[in-house]
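Peer 1:
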Amino acid sequence: MASITPFKISISEDKIKRLQQKLALTDLPSEVLDPTSPWSRGVPLSEIKRLAFYWQHHFNWRAVEAKLNELAQYTANIEVEGFGKYDIHFIHQKSQVTNAIPLLFLHGWPSSFLEVTKMLPLLADGGKDGAAFHVVAPSLIDFGFSSASKKKAFNVDQHAETYHKLMLTLGYNEYVVQAGDLGYLITRFIAMKYGPKHCKAYHLNNAAPAEPTATTYPELHAKMQTTPLSDKDLAGLARTQEFSTRRNAYYLLQSSRPQTLAYSLTDSPIGLLSWIYEKLVEWSDDYPWSDDEVLTWVSIYYFSVAGPAACLNLFYENEHQVPSAFEKAKEWSDVPLGVARFEKDLILLPKAWNGTLGPVVLESEFVHGGHFAAWECADAVVGDLRRMFGRGGKVFGCVEGRNGYSS
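Residue 0 is where the sequence shown starts when you use numbering that gives the first Met the number 0, and the numbers rise one by one after that.
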């Protein structure tokens, strides 16, 4: 059985001083001004100047650290078959409701365990009027305060094994999952490997299902031939195409030459800031990011145990396994799922395609919200989870002895 150890974030004063020194020595590039479209070439210079100055002179990491340390954090030493042992950092917020549902939350990139924190008080609440949850939110391996991956081919399979074993270690033999982005991939692998015995159901805030064909899903394909795509589905396909052809360069680079990019992200705090800040702004739905929020997200990468660029390993491994992780994740699983669609997300495929992933028990559409749903729209995600797992939901009581209610 893996050991569980209480954990507090404690970045050394030397690391903080080194960050400030690097910020002071920053050389910024020139800029071709385009007043009509200031973000057309990437993050505007004025934005980076402001954030860099604030990061160096006013941002208070110690205050952020103290606030995060109010959360119940731990590490677990988990053995991954063929790869050795890893220290997994995680939040474990237990509800006061004894019958709360064990929920594994898996973040993506450029996110971290931080993304779940707005949902924590909402998920713990409940017991009478809505389902309550015990929440386990790990830092993925190579992210945040978890260990670095140690060997080639540590891919989505190994991530799935790691967080499944974490849930078992915590005594949750049955559990549910909520995820998006890279967490979506890992969740799909968990469902295929450990469901429905252990993983009883899962909820996604973005999904990348396959298009049903006459060969793969004949009944669904036949139904789609007689039911034209809605205007919303057509708009989603257009948005997906635009993202895939014009805004996906980051993925091609991270999945093909991660080491080359790693030097810039590791050595230059401003390089790391601009790389992440661009995604926070462009992938969210006009969310009013404060400078403190942005710099907290970026600082967690900068101070990460494995280093700011270690997270790129997963992108590389995703595309260098056969089939790729995204293709494998399109396979059918018998585990029930719910899918929430946020209108400003990146991948918005037709609603009917979700039926290729497994038995869909909940589908929701939100006119507001982007890629970071748990952060941008915490209430919406929690509400979806309560509709799916609470009384009247199609998977109510799916975890034996833990239905989310006090009575």
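Glycine residues also receive a C-beta, built at the ideal position from the N, C-alpha and C atoms.
(1) Report yes if the CB atom of Thr239 is closer than 9 Å to the CB atom of Leu345, and no otherwise.
(2) Return the CA-CA distance between Phe388 and Ala130, expressed in angstroms with no decimal places.
(3) Can Leu139 and Leu105 be called in contact, C-beta distance under 9 Å?
(4) Going by DSSP in three states, Glu78 sits in which element: helix, strand or coil?
(5) According to DSSP, simplified to helix, strand and coil, what is Leu228?
(6) Alpha carbon to alpha carbon, how far is Phe58 from Leu294?
(7) List the whole-angstrom C-beta distance separating Val334 from Tyr201, where the pair is believed to meet the contact cut-off of C-beta under 8 Å.
(8) Under DSSP, the beta strand (DSSP E) around Val176 begins and ends at which residues?
(9) Need the endpoints of the alpha helix (DSSP H) that Phe410 sits in, please.
(10) When you compare only the Cα positions, how much space is there between Lys117 and Thr214?
(11) Report the three-state DSSP secondary structure of Ile275 (helix, strand or coil).
(12) Is His197 helix, strand or coil by DSSP?
(13) Grab me the residues of Gly357's own chain with a C-beta within less than 8 Å of its C-beta, minus the 5 sequence neighbours each way, in chain order.
(14) Can you list the alpha helix (DSSP H) stretches of 4 or more residues lying completely in the segment 251-314, in chain order?
(15) I'd like the list of long-range same chain contacts for Ala75, defined as Cβ closer than 6 Å, with 5 residues on each side in sequence excluded.
(16) Pick from Gln20, Ser36, Pro43, Leu22: whose alpha carbon is nearest that of Glu30?
(17) Identify whether Gly396 lies in helix, strand or coil by the three-state DSSP scheme.
(18) Nearest to Tyr216 by CA position, among Phe144, Gly354, Gly392, is which residue?
(19) Helix, strand or coil: which one does DSSP assign to Gln92?
(20) Between Gly403 and Gly125, which are expected to be in contact by the criterion C-beta below 8 Å, what is the C-beta distance as a whole number of angstroms?
(21) In its own chain, which residues sit with a C-beta less than 7 Å from the C-beta of Phe82, not counting the 5 before and 5 after it?
(22) Relative to the C-alpha of Ser254, which residue among Trp282, Ala324, Asp290, Thr25 is closest?
Peer 2: Judging by the given coordinates:
(1) With contacts defined as CB atoms closer than 9 Å, Thr239 and Leu345 qualify as a contacting pair.
(2) Distance between the alpha carbons of Phe388 and Ala130 is about 7 Å.
(3) Cβ distance < 9 Å, so Leu139 and Leu105 count as in contact.
(4) Three-state result, Glu78: strand.
(5) Residue state for Leu228 is assigned as coil, using DSSP reduced to three classes.
(6) The C-alpha of Leu294 is placed about 8 Å away from the C-alpha of Phe58.
(7) Sure, about 6 Å apart at Cβ, within 8 Å.
(8) In this chain, the beta strand (DSSP E) harbouring Val176 covers 174-178.
(9) The question about residue 410 has no answer, for the chain in this structure spans 0 to 406.
(10) Lys117 and Thr214: Cα-Cα distance of roughly 43 Å.
(11) Look at Ile275 here: in three-state DSSP terms it is helix.
(12) For His197, the three-state secondary structure derived from DSSP is coil.
(13) Counting only Cβ-Cβ distances below 8 Å, and skipping sequence neighbours, we find Ala190, Trp331, Ser332, Asp333, Val334, Pro335, Leu336.
(14) With a minimum length of 4 residues, the continuous alpha helix (DSSP H) runs that stay inside the segment 251-314 are 257-266, 268-281, 290-301.
(15) The beta carbon of Ala75 is closer than 6 Å to those of Ala1, Ile3, Ile87, Leu165, Thr168 in its chain, skipping five residues each way along the sequence.
(16) Scanning Gln20, Ser36, Pro43, Leu22 for the CA closest to the CA of Glu30 turns up Pro43.
(17) Of the three classes helix, strand and coil, the one that applies to Gly396 here is coil, per DSSP.
(18) When each option's Cα is compared against that of Tyr216, the closest is Gly354.
(19) The three-state secondary structure of Gln92, taken from DSSP, is strand.
(20) About 6 Å separates the two Cβ atoms, so the contact holds.
(21) Here the set comprises Lys149, Lys150, Phe153, Gln157.
(22) Between Ser254 and the set Trp282, Ala324, Asp290, Thr25, the nearest pair of CA atoms involves Ala324.
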